[in-house]
Structure formats: structure tokens, C-alpha cells
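Report on the structure given below.
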Amino acid sequence: MRGSRTLLQVFGFFSASAAFAAELDVIELKKPEFVPTAPSWSVVGSLSPTYTENALFSRDDRRRDFFYEPDVSLRLDGSLSPDLSYRIFARTQYEAFATEHDGNAAIARLGARLTQNLYGWRFTGQYENRYDFDGVYRNLAFISNDVSGSVGRDFQFGNVILSPLALLTYRFSDLAEARRWRFDAVLGIEVKLDPKWSIVSTPFIEAFWFTDGLNAGRQDQIYSVSLGLKYNIASNISLTTNVIYEARTSNVPLRHYTDVQIGPRLDFAF
Amino acid sequence: MKRFIAVAGAAIVFSCMASAASAQRDSVERGTRMDTDALRDDVRTNRLQIPTHPLAAEQPPQPAPSSKGKAKSKKGGESSQ
Chain A
1 MRGSRTLLQV FGFFSASAAF AAELDVIELK KPEFVPTAPS WSVVGSLSPT
51 YTENALFSRD DRRRDFFYEP DVSLRLDGSL SPDLSYRIFA RTQYEAFATE
101 HDGNAAIARL GARLTQNLYG WRFTGQYENR YDFDGVYRNL AFISNDVSGS
151 VGRDFQFGNV ILSPLALLTY RFSDLAEARR WRFDAVLGIE VKLDPKWSIV
201 STPFIEAFWF TDGLNAGRQD QIYSVSLGLK YNIASNISLT TNVIYEARTS
251 NVPLRHYTDV QIGPRLDFAF
Chain B
271 MKRFIAVAGA AIVFSCMASA ASAQRDSVER GTRMDTDALR DDVRTNRLQI
321 PTHPLAAEQP PQPAPSSKGK AKSKKGGESS Q
């Protein structure tokens with residue numbers, strides 16, 4: 001009697017396993033196949049008038065000024081698989097100062113990136129061909145090719161969103177002084193007060209290792225933190241008023257500086 | 271006099287070269303700072319809802335194939351997906 005009960009239990013276990021396996025098979029069969037969608041385009045950007053305490057990033061010659069900085073991208077996004085997406089982009093950005101026109105500069109970028117989602121993390125490889133100008137697209141200063149890899153994700157705890165990102169870049173350039181490694185570690189923090197208002201902060205560490213030309217051997221570190229109040233005008237438009245403090249240290253003492261920037265910033269996506 | 275002209279000429283050339291190198295390094299500085307701003311912009315714009323505009327119009331749903339046999343057509347439709 002006891003033996004037959006054990007036999008029944010064993011039989012029951014295997015029957016249940018078979019049923020479970022059969023259910024899994026059905027789920028596998030029903031799993032929808034990935035159908036690549038047509039790539040979609042969007043325009044994403046930021047506009048800001050900003051006050052700076054140190055327009056020329058100088059250690060000794062601090063000049064206060066206001067500058068205007070638009071940063072606009074045209075993007076083409078698509079997916080190659082459920083977890084693998086690509087982006088092709090063109091981006092333009094410039095800084096135009098009210099009085100310190102020597103600080104005016106512009107950058108035009110063309111690039112592509114691949115992003116793989118893995119265990120909730122985004123792994124991205126990116127190539128960027130960029131043109132740096134003195135003045136607002138006045139004189140081409142140098143041309144670079146940036147190759148970078150990054151990893152990031154978003155964590156949400158109640159009304160707090162944390163977005164850590166680590167990024168490593170090497171810059172190849174026709175100007176020897178521009179060639180360098182760069183490492184960024186940034187933590188985006190957003191505390192939602194209500195659906196429209198948030199407090200935002202971005203602690204940021206940057207490290208640079210210049211490899212060639214007059215800058216060979218130079219090592220810089222920039223530490224910065226921003227604190228601001230964000231208002232969501234719509235789901236695709238927001239206005240953030242920021243205060244940013246940043247400090248650069250370097251093994252070239254002349255390259256030390258500190259700066260405070262204050263200003264509103266309008267972010268949009270269409 | 272010749273020596274003075276040579277020294278003055280060399281000084282002017284050296285000063286121009288130093289100034290050009292300094293200008294190039296300044297453009298490196300400015301580009302670096304703008305890259306930092308661009309990264310800060312990315313952190314903020316990543317939280318926006320990005321509207322999508324497909325390059326190609328969405329394909330209209332395929333009309334159901336004419337039924338020559340209900341069971342047969344259903345089976346064929348599943349296998350072709």
C-alpha cells in the first residue's frame with residue numbers, strides 16, 4: 001500500500017512536469033515574432049540663455065557674461081530586434097556670448113549608435129564625426145572622430161528616478177591637441193513633486209587624458225553638480241531652471257578653474 | 271641692424287605660432303565644455319516623451335484571404351506569420 005502511494009506520487013510528479021512542459025511549449029509557440037517597424041524621425045533639443053561667472057574658463061581672468069546656447073538634433077531611430085535599436089543623428093550646438101565674443105563656438109555632429117538592452121541596462125556603442133568651429137560656424141578649428149561606449153539605466157523608487165550613466169570616449173582628430181580619452185560618470189536625479197513639477201540634480205565627474213601634441217600628458221578632472229526646478233509644460237516639453245557649479249583640476253595648474261552657471265533651459269522633442 | 275631685424279622677425283614668427291597654438295587649444299577647451307553641456311542636455315531630454323514620425327506609412331492590415339475552406343485557410347495563415 002505504502003509502495004503504491006509512493007508510485008502514485010512519482011507518477012503524479014512526472015505528469016505535472018509533462019503538463020508544465022506542454023504549457024511552456026504552447027507559450028513558446030504563441031510568442032509573437034519580432035516585426036521590424038519603419039524607422040521614425042524626431043527633432044530633439046534644448047535652448048537656454050545662461051549667466052556664467054567665468055566665460056573663458058580661465059583660472060585668473062574671470063569674466064562674467066550671458067550666453068545663448070541652442071542644441072538641436074535630428075534623429076532617425078529604429079529597431080533591429082526587440083532589444084537592439086539604432087540611431088542615426090545630426091546635431092548642431094553653439095554658444096554665443098553677449099560680450100565675450102572670443103568664447104563663441106559651435107559644433108556640428110553626424111553620428112550613429114547601436115543600443116543593446118540587457119538585464120535592464122542599456123549598452124551603447126557610438127561613432128560621431130564632428131566639426132568644431134571658432135565663432136558661430138565662422139572658422140573650422142578641427143575635425144574629430146569620436147568612438148565611445150556607454151552603459152546606463154533608469155531606477156525608480158517611488159517618486160524618485162535615478163539615471164546613472166558611465167561613458168568612455170576616445171577622440172581621433174586632425175588636431176593633435178584634441179586627441180584624448182574621456183571618461184564620464186553622471187547621475188541624473190529627479191524627484192517628482194507632482195505630475196508637473198520636479199526637483200532635478202545632476203552630479204557629474206569627467207576625467208580627461210590628453211595623448212598628443214602640446215597637450216600630451218595633460219590630465220584634467222571636472223567635478224560638477226547642478227540643482228534645478230523642472231516644470232513639465234507637456235509630455236514632450238519642459239522648462240528647467242538650473243544652478244550649476246563646476247570645478248576643474250589638472251596636472252597643468254594653468255587649467256584649473258571654477259564656474260557657476262545660472263539659467264533656464266527649455267527642452268523639447270517633436 | 272641686420273641682427274636686430276633677424277631677431278625681431280624670429281620673435282614675430284614665434285609669437286604668431288604661439289598665438290595660433292593657443293587659439294587651437296582654446297577651441298579644444300570650448301569644445302570640451304560644450305560636450306559637457308550636451309551630455310547634461312541628453313540627461314534631461316531622455317526624460318521627455320519623444321514623438322515618433324515613421325518614415326514609411328504604416329501598412330494597412332491585410333484583408334482576410336477568401337475562404338476556400340475555413341480550417342485550411344486558418345492553418346495557412348498561422349504558418350505564414
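Protein sequence lines, in the order shown, are assigned to chains A and B.
So in my numbering, spot 28 of the first sequence is number 28, and the numbers just go up one at a time.
So the number in my numbering is just where the residue sits in the second sequence, counting from 1, plus 270.
For each residue, glycine too, the CB sits at the ideal point set by N, CA and C.
Among the options, which has the Cα closest to the Cα of residue i?
i	options	result
F123/A	G152/A, R255/A, F204/A	G152/A
S201/A	L254/A, L227/A, R64/A	L227/A
E33/A	D220/A, L80/A, T258/A	L80/A
S150/A	F270/A, R182/A, S198/A	R182/A
R179/A	E206/A, V191/A, N232/A, T211/A	T211/A
Y119/A	S238/A, D83/A, T249/A	D83/A
R75/A	S42/A, I107/A, L56/A	S42/A
F268/A	P324/B, D311/B, H323/B	D311/B
R300/B	G217/A, L56/A, T37/A	L56/A
D184/A	D65/A, W197/A, F204/A, G103/A	F204/A
F157/A	I189/A, N251/A, N242/A, I233/A	I189/A
T258/A	A216/A, R64/A, I237/A	R64/A
R59/A	A38/A, A247/A, T115/A, Q116/A	A247/A
R113/A	N232/A, K196/A, I262/A, A90/A	A90/A
I88/A	Y231/A, L140/A, I199/A, G125/A	G125/A
D305/B	P39/A, E100/A, L167/A, L162/A	L167/A
A216/A	S250/A, Y231/A, F155/A, N145/A	S250/A
Q261/A	L110/A, Y245/A, P164/A, L214/A	Y245/A
L162/A	R303/B, R317/B, T302/B	R317/B
R314/B	H256/A, N236/A, P253/A, L254/A	N236/A
L325/B	D61/A, D77/A, A207/A	D77/A
D307/B	P36/A, A38/A, V72/A	V72/A
Assign residue i to one of three DSSP states: helix, strand, or coil.
i	result
S65/A	The sequence as given places Asp at residue 65/A; Ser does not occur at that position. In the structure shown, D65/A sits in a strand (DSSP, three-state: E or B).
A176/A	helix
R218/A	coil
E100/A	coil
L47/A	strand
I27/A	Low confidence applies here, because I27/A scores a pLDDT of 49, under 50, leaving its location unreliable; read the following figure in that light. In this structure, I27/A counts as helix in the three-state DSSP scheme.
A290/B	Confidence at A290/B is low in this model, with a pLDDT of 46, below 50, so the placement of that residue is unreliable and no value is reported for it.
A136/A	Correcting the residue identity first, residue 136/A is Val in this sequence and not Ala. Three-state DSSP puts V136/A in coil, outside helix and strand.
R59/A	coil
D154/A	coil
D296/B	helix
R303/B	helix
R171/A	strand
L254/A	helix
F270/A	coil
Among all the DSSP beta bridges, which residues are the ones paired with residue i?
i	result
K230/A	S198/A, T240/A
E190/A	I161/A, V200/A
I88/A	L76/A, A112/A
S81/A	L84/A
E128/A	G111/A, D146/A
P324/B	S40/A
E206/A	D184/A, I222/A
N117/A	R122/A
D311/B	DSSP lists no partner for D311/B.
Q261/A	T52/A, I244/A
Less than 6 Å between the CB of residue i and some heavy atom of the ligand SAH, yes or no?
i	result
Y131/A	No copy of the ligand SAH occurs in the structure displayed, which carries no ligand at all.
If contacts are defined as beta-carbon pairs under 8 Å, then residue i and residue j qualify, I think. What distance do you get, rounded to the angstrom?
i	j	result
E95/A	E69/A	5 Å
A106/A	Y137/A	5 Å
T169/A	V147/A	7 Å
S48/A	P264/A	6 Å
(message) Tell me which residues of the segment 80-94 of chain A have at least one Cβ-Cβ distance to chain B shorter than 7 Å, keeping chain order.
(response) Answer in chain order: Q93.
(message) Any C-beta of chain B within less than 7 Å: which residues of the segment 139-155 of chain A qualify?
(response) Hits within the stretch, in order: A141, F142.
(request) Check distances from the C-beta atoms of the segment 30-55 of chain A to those of chain B and list, in chain order, the residues that come in under 8 Å. (result) Cβ contacts with chain B: E33, T37, A38, P39, S40, W41, S42, V44, G45, S46.
(request) Mind checking the segment 167-187 of chain A against chain B and listing, in chain order, the residues whose C-beta falls within less than 7 Å of any C-beta there? (result) Contact annotation: in the segment 167-187 of chain A, residues whose CB is within less than 7 Å of a CB in chain B are L175, E177, A178, D184, V186.
(request) Pull out every residue of the segment 63-74 of chain A whose Cβ sits closer than 8 Å to any Cβ of chain B, in chain order. (result) Those residues of the segment 63-74 of chain A that come within reach of chain B (Cβ to Cβ, closer than 8 Å) are E69, D71.
(request) Please list the residues of the segment 195-206 of chain A that have a C-beta atom closer than 8 Å to any C-beta atom in chain B, keeping them in chain order. (result) Only those residues of the segment 195-206 of chain A whose C-beta falls short of 8 Å from the nearest C-beta of chain B are listed: V200, T202, F204, E206.
(request) Could you run through the segment 228-262 of chain A and flag, in chain order, every residue whose CB is less than 7 Å away from some CB of chain B? (result) Residues of the segment 228-262 of chain A with a Cβ closer than 7 Å to any Cβ of chain B, in chain order: S235, N236, S238, T240.
(request) Identify each residue in the segment 102-122 of chain A for which the Cβ-Cβ distance to at least one residue of chain B is less than 9 Å, and report them in chain order. (result) So the list reads D102, G103, N104, A105, A106, I107, R109, given in the order they occur along the chain.
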